[in-house]
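So for the sequence shown, this note's numbering puts the first residue at 25; every next one is plus one.
Think of the CB as a built atom: it goes at the ideal place given N, C-alpha and C, for glycine as much as any other residue.
A short write-up of the structure that comes next.
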Amino acid sequence: MISNHSSNRRGFRKVRRNRDWGFCATTGKVRYGEMIDAKKALESAFHQRAAARLAGITSSNQVVRAYRCDDCRGYHTTSIPHAAYTSRRESLALV
Ligand SMILES: [Zn+2]
Numbered sequence: 025m026i027s028n029h030s031s032n033r034r035g036f037r038k039v040r041r042n043r044d045w046g047f048c049a050t051t052g053k054v055r056y057g058e059m060i061d062a063k064k065a066l067e068s069a070f071h072q073r074a075a076a077r078l079a080g081i082t083s084s085n086q087v088v089r090a091y092r093c094d095d096c097r098g099y100h101t102t103s104i105p106h107a108a109y110t111s112r113r114e115s116l117a118l119v
């Protein structure tokens, strides 16, 4: 049912949808379908914060980690560092 892989088939649209996962009913957060999407969101948050720092302001985008949500089976980002708990799961997910 869920197919997010780009296809090599001729004529098949290779557009990869990044923001089409909706929201999590449990947390109300934006869902990311894959860890890579959540990681990209984290990365852009890092860049936003760096740019904000240079501008002398504080970015409201404080997310620092991504985690797998058991409720919606997607991924979310959070500003709460919980490294001891997630680092293992994340490294598992990234293997
Ligand atoms: Zn969720």
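Legend entry - E58 versus F70, C93, Q86, A79, residue with shortest Cα-Cα distance: Sequence index remark: in the sequence shown, residue 58 carries index 34 (1-based). When only C-alpha atoms are compared, the closest one is C93.
Inset, instruction - Examine the Cβ distances between the segment 73-89 and the segment 47-55 and report whether three or more of them are shorter than 8 angstroms. - result: Short answer: they don't touch.
Legend entry - Among I104, H100, P105, nearest to G46 - alpha-carbon criterion: Reading the sequence shown from its first residue, position 22 is the one you call residue 46. Looking at the Cα atoms, H100 is the closest of the given residues.
Inset, instruction - Give me the Cα-Cα distance between I81 and A90, rounded to the nearest whole angstrom. - result: Position 57 of the sequence shown, counting from 1, holds the residue named residue 81. Position 66 of the sequence shown, counting from 1, holds the residue named residue 90. Their backbone Cα atoms lie some 24 angstroms apart in a straight line.
Legend entry - Supposed contact pair S103 and Q86 - C-beta distance, whole angstroms, cut 8 angstroms: Taking the sequence shown and counting its residues from 1, the one referred to as residue 86 is at position 62. Taking the sequence shown and counting its residues from 1, the one referred to as residue 103 is at position 79. The beta-carbon separation of Q86 and S103, rounded to 4 angstroms, stays under the 8 angstroms limit for a contact.
Inset, instruction - Could you tell me the boundaries of the beta strand (DSSP E) in which A79 lies? - result: Indexing the sequence shown from 1 puts residue 79 at position 55. DSSP places A79 outside any beta strand (DSSP E), giving it a letter other than H or E.
Inset, instruction - Grab me the residues of D95's own chain with a C-beta within less than 6 angstroms of its C-beta, minus the 5 sequence neighbours each way, in chain order. - result: To locate residue 95, count along the sequence shown from 1; it is residue 71. For D95, same chain residues with a beta-carbon under 6 angstroms away, outside a window of 5 residues either side, are T50 in chain order.
Inset, instruction - Determine the direct distance from the alpha carbon of A79 to that of P105, and round the result to whole angstroms. - result: As a working mapping, residue 105 is identified with position 81 in the sequence shown. As a working mapping, residue 79 is identified with position 55 in the sequence shown. For the pair P105 and A79, the Cα-to-Cα distance works out to about 25 angstroms.
Legend entry - Exposed unless 16 or more other CB atoms sit within 10 angstroms - verdict on G55: Stepping through the sequence shown from its first residue, residue 55 is reached at position 31. The sequence shown places Arg at residue 55, not Gly. Flag for R55 reads buried.
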